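Below you'll find the structure, written out as structure tokens, and then a few comments.
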Amino acid sequence: MMNRQDVFERLVVVLPSYEPDRKLLKVVEELVESGFSKIVIVDDGSGGSFRAIFEKADSYEQTYVIHHDVNKGKGRALKTAFEFALKNFSSIEGVITIDGDGQHLTKDIIACGEKMLELKNSVVLGSRNFNDPSVPARSVAGNKSTSRLFRMIFRIRINDTQTGLRAIPVCFLGKFCEIEGERFEYETNMLLWMKRWKINFFEQPITTVYDPDDYSSHYHALKDSLRISKIMIKFLFKR
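Dropping the structure here:
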């Protein structure tokens, strides 16, 4: 019978990071304190100015920090972590990808891991509630428009197409390493290939967390929606 300890011991947390602030250390500290025993952090070419943050993150016995010499993109960082997990942890049952900016609460990370172990052969996606009035209007518009495109073009009904919180069974990691995309397009491609490969998914409701300052500087609803649309159209012509 699965229990919470199984999540901590049998799943690897994967955390790609580029030029992080101190929030990364808070996330890592909370993961360690909660009980996670394997946390893989990929420094995606952040440079010397961020060395102290990654050294602190690497000071825990539960953490493994991998460095890219140059910035290669989130997609490549995720694949680097998947390859590392497959090579170095023989008894794991999957990974949980998260962001290092505090958007994913530890309780939700655990919940996604528990659901994945329960379902066994399904990818679990952390799904934010975009009907929450506290969610910025631009984010609501961007996510709802891309969700509509997924449904219309590929008949994929998914509420949160841009979630970074994903629990992935180990049996799929090798195939996911083959999916093209080195940057943010990789996460969209992952969802599209899941459909083509007939990999089931489950949307696990999670708390919606937004930092107004970070959000205003990094999110561009129209630009991101157009980028995702181009990825989807390109995928239509793949064999």
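This note's numbering numbers the first residue of the sequence shown as 18 and each following residue consecutively. From the three backbone atoms N, C-alpha and C, an ideal C-beta is built for every residue, glycine too. Keep in mind it's a predicted model, so treat the numbers as computed, not measured.
Considering only their Cβ atoms, is the gap separating residue j from residue i smaller than 8 Å?
i      : j      : result
Val57  : Ile115 : no
Val59  : Ala102 : no
Glu14  : Arg21  : Since the first residue of the chain shown is 18 and the last is 256, residue 14 is not available in this structure.
Arg200 : Gly117 : no
Gly119 : Val226 : yes
Gly92  : Val187 : no
Tyr35  : Ser63  : yes
Output the distance between the C-alpha atoms of residue i and residue j, rounded to the nearest integer angstrom.
i      : j      : result
Asn138 : Ile185 : 9 Å
Lys55  : Leu48  : 10 Å
Leu166 : Ser144 : 17 Å
Leu32  : Val141 : 16 Å
Thr180 : Asn206 : 13 Å
Lys257 : Arg183 : This structure does not reach residue 257, given that the chain is present from 18 up to 256, and the question cannot be answered.
Ile70  : Asp38  : 8 Å
Leu253 : Lys247 : 10 Å
Ile271 : Ile126 : Missing from the structure shown is residue 271; the chain here goes from 18 to 256 and no further.
Ile196 : Asn105 : 21 Å
Leu190 : Thr178 : 19 Å
Cys194 : Lys251 : 19 Å
Ser108 : Ile83  : 20 Å
Phe218 : Ala74  : 31 Å
Lys255 : Gly198 : 14 Å
Met249 : Trp214 : 16 Å
Ile299 : Lys192 : Examination of residue 299 is not possible in this model, given that the chain is present from 18 through 256 alone.
Leu243 : Ser164 : 13 Å
Let me check understanding here. Comparing Cα to Cα, which of the options lies closest to residue i?
i      : options                         : result
Phe25  : Gly64, Ala94, Ser34 and Thr123  : Thr123
Ile113 : Leu95, Asn176 and Asp177        : Leu95
Gln221 : Asp86, His84, Arg244 and Asn146 : Asn146
Gly52  : Lys40, Ser66 and Gln79          : Gln79
Asp86  : Leu243, Phe67 and Lys73         : Phe67
His121 : Ile223, Leu243 and Met249       : Ile223
Asn88  : Glu100, Lys255 and Gly65        : Gly65
Tyr203 : Ile245, Thr163 and Phe219       : Ile245
Asp23  : Asn160, Asn148 and Ala128       : Ala128
Handout entry: contact_flag[the segment 208-217, the segment 119-133] where n(CB pairs < 8 Å) is 3 or more
Key = Output reads no: the segment 119-133 does not touch the segment 208-217.
Handout entry: Meets three-Cβ-pair contact criterion under 8 Å: the segment 59-70 and the segment 171-184
Key = no
Exercise for the section: Write down every uninterrupted run of the alpha helix (DSSP H) in the segment 85-138 whose length is 4 residues or greater and which is fully enclosed by it, in chain order. Expected result: 91-105 and 123-136
Problem - Ranges of the beta strand (DSSP E) found wholly within the segment 29-72, counting only runs of at least 3 - result: List check, beta strand (DSSP E) in window: 56-61.
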